[in-house]
């Protein structure tokens with residue numbers, strides 16, 4: 004549930020090779036491991052999987068934005084994160100990023116290292132615009148705006 008089978012399978016294969024009998028096969032899209040072999044070996048590997056497959060850090064961090072829109076920032080960060088990950092990690096291990104437009108903040112959950120990387124990225128993107136725009140308002144004294 005909490006560990007990628009892609010990362011866990013090599014470890015289990017090594018343990019099976021040391022035991023001498025059995026096989027470990029994994030299926031990435033469903034994050035499933037199939038173990039065959041003697042009952043004692045399979046039971047030992049199942050116990051190892053239980054110990055390794057613990058829920059990670061479920062902490063949620065709040066990042067307040069000063070200049071950018073939370074919804075727009077989430078869209079940008081998710082697009083950048085998709086190109087970085089290229090589906091190398093299962094969906095359940097990917098960080099979750101949610102915009103709270105009421106407070107103009109972003110909520111981030113996931114691995115602490117990934118959260119730190121996303122916070123750095125958000126801080127880099129949340130900067131004040133160099134130009135405030137080139138708009139001017141001219142109040143008319145003698146003409147109507149519709150006529151111009």
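In my numbering, the protein residues as written are 4 to 151.
A virtual CB, placed ideally from N, CA and C, is assigned to each residue, including glycine.
Legend entry - Inter-stretch contact (C-beta, 8 Å, three-pair minimum) for the stretch 125-132 and the stretch 69-76: yes
Legend entry - Reduced DSSP category for residue 28 - H, G, I as helix; E, B as strand; rest coil: Strand at residue 28.
Legend entry - Alpha-carbon spacing of residue 31 relative to residue 97, whole angstroms: 14 Å
Inset, instruction - Quick one: using the 10 Å Cβ neighbour count with 16 as the cut-off for buried, is residue 1 buried or exposed? - result: Past the edges of the chain, shown from 4 to 151, lies residue 1, and the structure says nothing about it.
Inset, instruction - Quick one: using the 10 Å Cβ neighbour count with 16 as the cut-off for buried, is residue 101 buried or exposed? - result: exposed
Inset, instruction - Tell me where the beta strand (DSSP E) around residue 42 begins and ends. - result: No beta strand (DSSP E) holds residue 42; the alpha helix (DSSP H) holding it covers 42-55.
Legend entry - Counted within 10 angstroms of its Cβ, other Cβ atoms place residue 73 as buried (16 or more) or exposed: A buried status is given to residue 73, since no fewer than 16 other beta-carbon atoms sit within 10 Å of its beta-carbon.
Inset, instruction - Measure the alpha-carbon distance for residue 45 versus residue 83 and round it to whole angstroms. - result: Computed Cα separation, rounded: 41 Å.
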